[in-house]
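Residue numbers (UniProt numbering): 1 to 260.
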């Protein structure tokens with residue numbers, strides 16, 4: 001199609017998606033000052049000391065000052081390495097902006113780095129509903145949400161995620177969410193996916209983290225239930241006619257499912 005026949009809106013959207021992808025598709029190699037996946041994940045995809053990674057970090061990351069503070073605070077925790085990779089979070093926030101998201105669902109909040117990133121991306125009347133079972137980690141993030149001025153956009157439910165998802169469905173919220181991010185206990189991934197598919201609107205996005213599961217999906221162990229579940233979900237989504245998909249080599253693998 002000649003470029004002069006494409007609408008201005010389409011050009012803007014395409015450019016924004018391209019910028020978001022460029023910012024997110026490459027993984028950084030160091031834990032500090034940035035967090036870009038575990039060392040095993042980094043070693044699997046990138047050469048040590050790759051100057052291109054340094055270049056990417058210097059030319060693509062636009063981390064809000066409060067996000068930076070929360071990241072550094074999270075890294076003080078023994079489990080801090082479980083935080084979402086910064087490039088991935090930025091990428092998803094850009095996707096949320098691209099589709100003009102107002103309602104976001106996050107399954108697995110941890111200290112809320114990505115929750116904050118999403119809240120910053122939403123309009124003032126937007127909402128991020130988070131599902132988490134550990135209130136201690138949530139309490140780490142809350143002061144930073146307040147400092148960023150977005151605490152009114154964040155609603156975290158401290159209970160098993162399946163219960164929260166069922167409550168949202170029972171409340172008539174099916175088809176009202178624009179974006180969902182799944183990054184919690186892997187054994188429940190298939191159930192999370194199915195419920196998110198009901199809650200997300202047509203044209204909305206479901207992002208699923210850890211779809212490579214430390215490269216173990218290449219050869220799942222007989223007793224590795226988590227890996228087997230992820231493998232089954234990957235195969236399920238591949239054949240799911242309800243969505244269009246992209247699986248990208250970011251962090252520990254991310255699948256984007258676009259609801260039809």
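Just so you know, even glycine gets a beta-carbon here, dropped at the ideal spot from N, CA and C. Given the structure is predicted, the values throughout are model-derived calculations rather than measurements.
Exercise. With 16 other CB atoms within 10 Å as the buried threshold, where does residue 86 fall?
Worked result: Locating residue 86 in the chain shown gives position 86, where the first residue counts as 1. Under this definition residue 86 is a buried residue.
For this session: Helix, strand or coil for residue 144, going by three-state DSSP, please let me know.
Result: Numbered from 1 along the chain shown, position 144 holds the residue referred to as residue 144. Helix at residue 144.
Exercise. Between the Cα of residue 102 and the Cα atoms of 153, 126, 80, which residue gives the shortest distance?
Worked result: Locating residue 102 in the chain shown gives position 102, counting from the first residue. Checked all of 153, 126, 80; the closest Cα to residue 102 is 126.
For this session: Decide yes or no for the touch test of the region 162-182 against the region 191-207: beta carbon pairs closer than 8 Å, at least 3 of them.
Result: yes
Exercise. So, do the region 221-234 and the region 156-167 have three or more beta carbon pairs nearer to each other than 8 Å?
Worked result: no
Exercise. If we call anything under 7 Å between Cβ atoms a contact, is residue 119 one with residue 159?
Worked result: For the purposes of this step, residue 119 is taken as residue 119 along the chain shown, with counting starting at 1. For the purposes of this step, residue 159 is taken as residue 159 along the chain shown, with counting starting at 1. Against a cut-off of 7 Å, the Cβ pair of residue 159 and residue 119 comes out as no contact.
For this session: Any chance you could list the beta strand (DSSP E) runs of at least 3 consecutive residues sitting entirely within the region 189-238, in chain order?
Result: 200-209
For this session: Can you have a look at residue 170 and say buried or exposed, based on whether 16 or more other CB atoms are within 10 angstroms of its CB?
Result: Counting from one through the chain shown, the residue named residue 170 turns up at place 170. By the neighbour-count rule (16 or more Cβ atoms within 10 Å), residue 170 is not buried but exposed.
For this session: Compare the C-alpha of residue 67 against each of 232, 52, 55, 142 and name the closest.
Result: The residue given as residue 67 occupies position 67 in the chain shown. With distances taken between Cα atoms, residue 67 lies closest to 142.
Exercise. Distance, Cα to Cα, residue 233 vs residue 256?
Worked result: In the chain shown, counting from the first residue as 1, residue 233 sits at position 233. In the chain shown, counting from the first residue as 1, residue 256 sits at position 256. About 13 Å.
Problem set entry | Nearest-angstrom beta carbon gap, residue 105 and residue 129 [assumed within contact, 8 Å] | Working through the chain shown from its first residue, we reach residue 129 at position 129. Working through the chain shown from its first residue, we reach residue 105 at position 105. Indeed, because the Cβ distance is near 5 Å, the residues count as touching under 8 Å.
Problem set entry | DSSP-derived helix/strand/coil call for residue 22 | For the purposes of this step, residue 22 is identified with residue 22 of the chain shown, where counting begins at 1. Residue placement at residue 22 cannot be trusted, given a pLDDT of 42 that sits under 50; what the coordinates show is reported in the next sentence. Looking at residue 22 - three-state DSSP - the assignment turns out to be helix.
Exercise. Taking just the CA atoms, how far does residue 240 sit from residue 110?
Worked result: Looking up residue 110 in the chain shown gives position 110. Looking up residue 240 in the chain shown gives position 240. Rounded to the nearest angstrom, the two C-alpha atoms are 29 Å apart.
Problem set entry | For residue 157, the first and last residue of its enclosing beta strand (DSSP E) | For the purposes of this step, residue 157 is taken as residue 157 along the chain shown, with counting starting at 1. Counting along the chain, the beta strand (DSSP E) containing residue 157 begins and ends at 154-158.
For this session: Give the C-beta separation of residue 223 and residue 186 to the nearest angstrom, bearing in mind that I take them to be a contact with Cβ-Cβ under 8 Å.
Result: What you label residue 223 is simply residue 223 of the chain shown in a count that begins at 1. What you label residue 186 is simply residue 186 of the chain shown in a count that begins at 1. That belief does not hold up - the Cβ atoms of residue 223 and residue 186 are roughly 14 Å apart, past 8 Å.
Exercise. When the Cα atoms are used, what is the spatial distance from residue 253 to residue 65?
Worked result: Reading the chain shown from its first residue, position 253 is the one you call residue 253. Reading the chain shown from its first residue, position 65 is the one you call residue 65. Distance between the alpha carbons of residue 253 and residue 65: 27 Å.
For this session: State yes or no: is the C-beta of residue 207 within less than 7 Å of the C-beta of residue 108?
Result: Against the chain shown, residue 207 aligns to sequence position 207. Against the chain shown, residue 108 aligns to sequence position 108. For residue 207 and residue 108, no; Cβs fall outside 7 Å.
Exercise. Taking the beta strand (DSSP E) that residue 182 falls in, what are its first and last residues?
Worked result: To locate residue 182, count along the chain shown from 1; it is residue 182. Residues 177-182.
Exercise. Using CA coordinates, which residue listed in 148, 249, 237, 92 is at the minimum distance from residue 189?
Worked result: Residue numbering aside, residue 189 sits at position 189 when the chain shown is read from its first letter. Here the closest residue by C-alpha is 237.
Exercise. Do residue 97 and residue 121 have their C-beta atoms within less than 7 Å of each other?
Worked result: Taking the first residue of the chain shown as position 1, residue 97 is located at position 97. Taking the first residue of the chain shown as position 1, residue 121 is located at position 121. It is a contact, given that the beta carbons lie within the stated cut-off.
Exercise. Assuming residue 138 and residue 112 make a contact with CB atoms under 8 Å, what is their CB distance in whole Å?
Worked result: Your numbering for residue 138 matches position 138 in the chain shown. Your numbering for residue 112 matches position 112 in the chain shown. The Cβ separation is near 7 Å, so the contact holds.
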